[in-house]
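What follows is one structure encoded as structure tokens, with my remarks underneath.
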Amino acid sequence: MKRILLSEKIKKAPPFLTIEPYLRAQDKPIASHPEAREPRLVPLVVIDYGSLAARIRQMRYIGRLLFGAVGEMWKSARSIRQNPYSGKKTIDPQTLAELEAYAKSLGIAEIGYTVVNPRYIFRGFHILFLNALVFTIEMDREKIRQAPSIPSFIEVFRTYYEVGVIVNKVADFLRQRGYNAHAGPAVGGDVNYIPVAIDAGLGISGKSGMLITRHSGPRVRLAAVYTDIENLPFSQENPHGWVRDYCETCNICIQKCPADAIYPVTRTLPDGGPAFIDHTKCAMPFSNDNGCTLCIKHCPFSVVEYDHLKTKFEMQS
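If you read the sequence shown in numbering that gives the first Met the number 0, its first letter stands for residue 0, the second for the next number, and so on.
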């Protein structure tokens, strides 16, 4: 009898955690592209591939964070009813600077701006606005160095939870100043954050598919706030393309992956997008060995400063 996988059967959170029940007449939700990808819900992946003993053990440590992350999903969905629809669609430099300072005071590492490509909205999902503020939050270097371990596993879910809290606070910041906003938390997000972050100039996909950033390497979690502000400083170029060339000469993540889940040559999916890993293979150590995280731990960008690696690579090229 074929095993039923919840992460393959369930592609969307319960309705109360989505924006649909909270839409008002003035809302104009933007649908995904017909060829958009389907999401994977991280909590269901853990349930599908983790042993019962692993699930019980892990929930002792991450249960509060996981339920907290779900709570932030609910807040991001229901809070769209607080959008003022005041007609404000431009932001002055001082308010934007205050927003960025506020986000960083909450723990954000980097901020980028882009217009979301509807192909990156997950199939069957909606967002209210295409203009996006994209955020990274850093996973602690020392805790990731301990991976796979309970401290590193907790750190993964801490950042999932905390970046959800932050984007809801940033959305509230905008609404209080007359702007519309739709918070997109890390858990249960409506879009594929990595290509959106690439478009925002925050980084580039490494060999493992993880976003590699200047500030934190791949030790990041991503989230976004969507808005109809029209004059955001949208990224015009991505300066991180050299990282892909570096990855082609490195391949440490491939060597360190205990499941052989990372493709030596990135594959192309039917929709034209890239496939970096075999998600089924990756799910086993992630679910049973405290979140694994070895591809992040051993990535040179996790342990050596970005600019140092760039200078050294350019000298050798």
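In this text, a Cβ means the ideal position worked out from N, Cα and C, and glycines have one as well. Please read all numbers here as calculations on a predicted model, not as lab measurements.
Taking just the CA atoms, how far does residue j sit from residue i?
i    : j    : result
D277 : G208 : 11 Å
V45  : F172 : 34 Å
A180 : R218 : 27 Å
L4   : M314 : 48 Å
Y305 : A258 : 27 Å
M0   : G49  : Note that M0 has pLDDT 47, beneath the 50 cutoff, so the model's placement of it is unreliable and the number below is only indicative. Using only the alpha carbons, I get a separation of about 19 Å.
L105 : I165 : 6 Å
G70  : P42  : 14 Å
I211 : G202 : 5 Å
I110 : E99  : 7 Å
L22  : R174 : 16 Å
G272 : F15  : 31 Å
D86  : T226 : Asp is not the amino acid found at residue 86; the sequence shown has Gly there. About 12 Å.
R243 : A24  : 45 Å
N130 : A52  : 43 Å
N116 : I61  : 33 Å
A185 : E137 : 13 Å
P284 : Q145 : 15 Å
C291 : K280 : 12 Å
T248 : I295 : 17 Å
H307 : W73  : 42 Å
Q81  : D270 : 36 Å
P147 : P92  : 43 Å
E7   : S286 : 16 Å
G332 : N237 : Nothing about residue 332 can be read from this structure; the chain reaches only from 0 to 316.
E19  : A35  : 19 Å
W241 : P194 : 16 Å
A12  : V169 : 23 Å
Please identify the residue among the options whose C-alpha is closest to the C-alpha of residue i.
i    : options                : result
R140 : V166, S85, L129, E154  : E154
A196 : E247, Q315, L132, F152 : L132
H297 : K255, I261, F275       : K255
F275 : G216, V264, I18        : V264
I9   : P194, V169, P38, H125  : P38
V224 : H125, G183, R144       : G183
L293 : I253, F312, A53, P269  : I253
G205 : S234, Y245, E236, P232 : Y245
F121 : P299, S215, Y192, M283 : Y192
N167 : F134, V302, K11, P194  : F134
V190 : S234, H125, F312       : H125
Drop a sphere of 10 angstroms on the beta-carbon of residue i, count the other beta-carbons inside from all chains shown, and report buried for 16 or more, exposed for fewer.
i    : result
N230 : exposed
V162 : buried
A108 : buried
Y119 : buried
Y84  : exposed
Q57  : buried
I55  : exposed
T310 : exposed
R324 : Since the first residue of the chain shown is 0 and the last is 316, residue 324 is not available in this structure.
N250 : exposed
A96  : exposed
H239 : buried
L221 : buried
S151 : buried
R213 : buried
S316 : exposed
V303 : exposed
P232 : exposed
With residue i and residue j assumed to form a contact (beta carbons below 8 Å), what rounded beta-carbon distance in angstroms separates them?
i    : j    : result
L40  : G188 : About 10 Å separates the two Cβ atoms, so there is no contact after all.
Y159 : I228 : Actually they do not touch by this definition, with Cβ atoms about 26 Å apart.
D198 : T113 : 4 Å
N289 : I149 : 6 Å
A76  : T17  : 6 Å
L127 : I90  : About 17 Å separates the two Cβ atoms, so there is no contact after all.
D47  : A282 : 7 Å
G216 : F300 : 3 Å
T267 : R176 : Actually they are not in contact, since the Cβ atoms of T267 and R176 sit about 43 Å apart, beyond 8 Å.
Indicate whether at least one CB of chain B lies closer than 9 Å to the CB of residue i.
i  : result
K8 : Among the protein chains of the structure shown there is no chain B, as only one such chain exists.
Would you check if there are 3 or more beta carbon pairs closer than 8 Å linking the segment 26-35 to the segment 60-67? No, the segment 26-35 is not in contact with the segment 60-67.
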